[in-house]
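Sequential numbering from 631 applies to the sequence shown in the numbering used here. Backbone N, C-alpha and C define an ideal beta-carbon position, used for all residues, glycine too. On a predicted model such as this, the values are computed, not experimentally measured, just so you know. One structure is given below, encoded as structure tokens.
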Amino acid sequence: MSLDEREQRTWAAFVTMRRDLEAALASSLADNGLSVSDFEVLARLSQTPGGEMRARDLAAAIGWDKARLSKHVARMAGRGLIERREAADDRRGQIVAIAPQGERVMATAVPNHVAAVRHHFFDLVDADELDVLERVMKRINARATEER
631 MSLDEREQRT WAAFVTMRRD LEAALASSLA DNGLSVSDFE VLARLSQTPG GEMRARDLAA
691 AIGWDKARLS KHVARMAGRG LIERREAADD RRGQIVAIAP QGERVMATAV PNHVAAVRHH
751 FFDLVDADEL DVLERVMKRI NARATEER
């Protein structure tokens with residue numbers, strides 16, 4: 631089974647868009663000294679009460695395995711962006727919290743990131759296209775998630 635010509639063009643356009651959009655957003659975040667992964671961790675922590683989460687819950691929330699999160703958290707802690715500590719209720723568990731330095735970086739990075747997302751994505755999509763895009767992306771995400 632193969633893709634027809636229209637499907638090939640559409641798939642190629644999607645793959646190229648994804649690559650180029652990720653590169654543009656990564657470049658914007660790099661201006662604030664963050665990687666896309668750094669931003670993902672800090673954004674998730676920023677959205678939680680107290681700015682902290684159990685490491686296993688953070689990994690699940692951003693779709694990473696424990697080993698990847700552990701290595702990345704160690705690097706971020708070394709840069710002062712986050713703090714780690716043992717969970718009080720379970721000595722095997724670990725709490726990851728946004729550090730004051732992480733909060734300062736995010737105060738600048740978030741508005742810059744929103745501006746980049748708007749510039750590279752939303753400014754190029756008509757209002758009536760947004761609803762269609764949202765429905766299509768939700769269907770694709772649901773299928774991909776259910777088959778993991």
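Inset, instruction - Note the first and the last residue of the continuous beta strand (DSSP E) segment covering ARG722. - result: Boundaries of the beta strand (DSSP E) harbouring ARG722: 720-728, taken from the DSSP string.
Legend entry - For LEU688 and ARG714, the rounded distance between their alpha carbons: So the two alpha carbons sit approximately 12 Å from each other.
Legend entry - Helix, strand or coil at ALA637 according to DSSP, with G and I counted as helix: Before going on, a small fix: residue 637 reads as Glu here, not Ala. Taken through DSSP and simplified to helix, strand or coil, GLU637 comes out as helix.
Legend entry - Ranges of the alpha helix (DSSP H) found wholly within the segment 634-676, counting only runs of at least 4: Complete alpha helix (DSSP H) runs here, min 4: 635-660, 666-676.
Inset, instruction - Could you work out which residue in ILE692, ALA729, LEU664, ARG721 is closest to ALA707 when comparing CA atoms only? - result: Taking the Cα of ALA707 as reference, the smallest distance to any Cα among ILE692, ALA729, LEU664, ARG721 is reached at ALA729.
Inset, instruction - Note the first and the last residue of the continuous beta strand (DSSP E) segment covering ARG684. - result: ARG684: member of the beta strand (DSSP E) spanning 682-684, first to last residue.
Legend entry - Nearest residue (CA-CA) to THR738, options ARG648, GLN638, LEU659, ARG649: The closest CA to that of THR738, considering only ARG648, GLN638, LEU659, ARG649, is found on LEU659.
Legend entry - Nearest residue (CA-CA) to VAL747, options THR640, MET631, ARG639, VAL666: With distances taken between Cα atoms, VAL747 lies closest to VAL666.
Inset, instruction - Identify every residue that forms a DSSP beta bridge with ILE770. - result: Paired residues: none, contrary to the question.
Inset, instruction - Apply the 10 Å Cβ neighbour rule to PHE644 and answer buried if 16 or more other Cβ atoms are within range, or exposed otherwise. - result: Around the beta carbon of PHE644, fewer than 16 other beta carbons lie within 10 angstroms, which makes this residue exposed.
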